[in-house]
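>
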Amino acid sequence: MLQHIRIVLVQTFHPGNIGAAARAMKTMGLTELVLVNPRMFPDEEATRLAAGATDVLESARVVSSLEEAVNDCVQVVGASARLRSLPLPHFDEPDDMAEDVIQNAQTAPVALVFGRERSGLTNGEIRCCTHQVSIPANPDYGILNLSQAVQILAYEVHRAWRKG
1 MLQHIRIVLV
11 QTFHPGNIGA
21 AARAMKTMGL
31 TELVLVNPRM
41 FPDEEATRLA
51 AGATDVLESA
61 RVVSSLEEAV
71 NDCVQVVGAS
81 ARLRSLPLPH
91 FDEPDDMAED
101 VIQNAQTAPV
111 ALVFGRERSG
121 LTNGEIRCCT
131 HQVSIPANPD
141 YGILNLSQAV
151 QILAYEVHRA
161 WRKG
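Written out as C-alpha cells, the structure is:
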C-alpha cells in the first residue's frame, strides 16, 4: 500500500534537496519519487545526500508538468506553508492528512506534492491538487527545508499506515 504513495517535487533548485528527500522517503518506506522540471538531476550532490537511498533516486521519474506527475492519482495533497483562499479541503494537521491518504492509497495512487524551495507551489499548482496540508510551525519562523517537510509528512503517513 505504501507503494501507492508518490512524492512529487516541483522545480527543485538544489540537487541536495532531492537526495535528502529521497533519504527521508526511504526511511519511511516510500519509494516513488517524481520530479517536475528539476534544475539539475541526476547530480552528484543528490546522490551524496541520499545517503543509501540511491535506489529511490535511480527509479525517480522526471516529468515536464505537475499534471503529468499526478494525472493517475485519486488524491493529490499539496503541501503549503501558507493557507490559500482556494476552494480545496485543507488539513490543518498532518496526521489527519496521513489517515486520509492511507485510506485512499489502498487501491490507487496518491501524491504528496512539494513546491520550490524559495516560493513553494503556485496557486495554479495548488489548483491541480484535491487537498492542501500545512505543517504547524512557529508563526514567527515557519519555514522548513524541503527535505524536512518531506520527512515530516512521510513520517505521518508511515505512522498512520502502522496504526492501520
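Using UniProt numbering, the first residue of the sequence shown is number 1, and each one after it goes up by one. Glycine included, every Cβ here is placed at the ideal spot set by N, Cα and C.
Would you call R118 buried or exposed, if buried means 16 or more other Cβ atoms sit within 10 Å of its Cβ?
Here the question's residue 118 lines up with position 118 in the sequence shown. It is exposed - the Cβ of R118 has fewer than 16 other Cβ atoms within 10 Å.
> I believe residue 169 touches L121 by the beta-carbon criterion, under 8 Å. Please report the beta-carbon distance rounded to the nearest angstrom.
Outside the shown range of the chain (1 to 164) lies residue 169, about which nothing can therefore be said.
> Any idea which residues DSSP pairs F114 with across the strands?
Here residue 114 is taken as the residue at index 114 of the sequence shown, counted from 1. Answer by DSSP bridge pairing, in chain order: L9.
> Take L17 and list the residues in its own chain whose beta-carbon comes closer than 6 Å to its own, dropping the five residues that flank it on each side.
What you label residue 17 is simply residue 17 of the sequence shown in a count that begins at 1. For clarity, residue 17 is Asn in the given sequence; the question names Leu instead. Here the set comprises L146 and S147.
> Could you check how far apart the C-beta atoms of G142 and A81 are, in whole angstroms? I think they sit under 8 Å.
By one-based count along the sequence shown, residue 142 stands at place 142. By one-based count along the sequence shown, residue 81 stands at place 81. Confirmed, Cβ separation roughly 6 Å.
> Starting from the N-terminal side, write out each stretch of the beta strand (DSSP E) that is 3 residues or longer and does not extend beyond the region 51 to 112.
Those beta strand (DSSP E) runs which fall completely within the region 51 to 112 and span 3+ residues are 61 to 63 and 75 to 79.
> Within its chain, find whatever has a CB closer than 8 Å to the CB of S64; leave out the 5 residues flanking it on each side and keep chain order.
Here the question's residue 64 lines up with position 64 in the sequence shown. Result list for S64: V36 and N37, in chain order.
> What three-state label does DSSP hand H4 in the structure shown?
Working through the sequence shown from its first residue, we reach residue 4 at position 4. In the structure shown, H4 sits in a helix (DSSP, three-state: H, G or I).
> Looking only at its chain, what residues have a beta carbon closer than 6 Å to the beta carbon of R39, apart from the 5 residues adjacent to it on each side?
On the sequence shown, position 39 is the one that residue 39 refers to. F13, listed in sequence order.
> Would V101 and V77 be called neighbours here (beta carbons separated by less than 9 Å)?
Residue 101 sits at position 101 when you count from the first residue of the sequence shown. Residue 77 sits at position 77 when you count from the first residue of the sequence shown. Cβ atoms of V101 and V77: closer than 9 Å.
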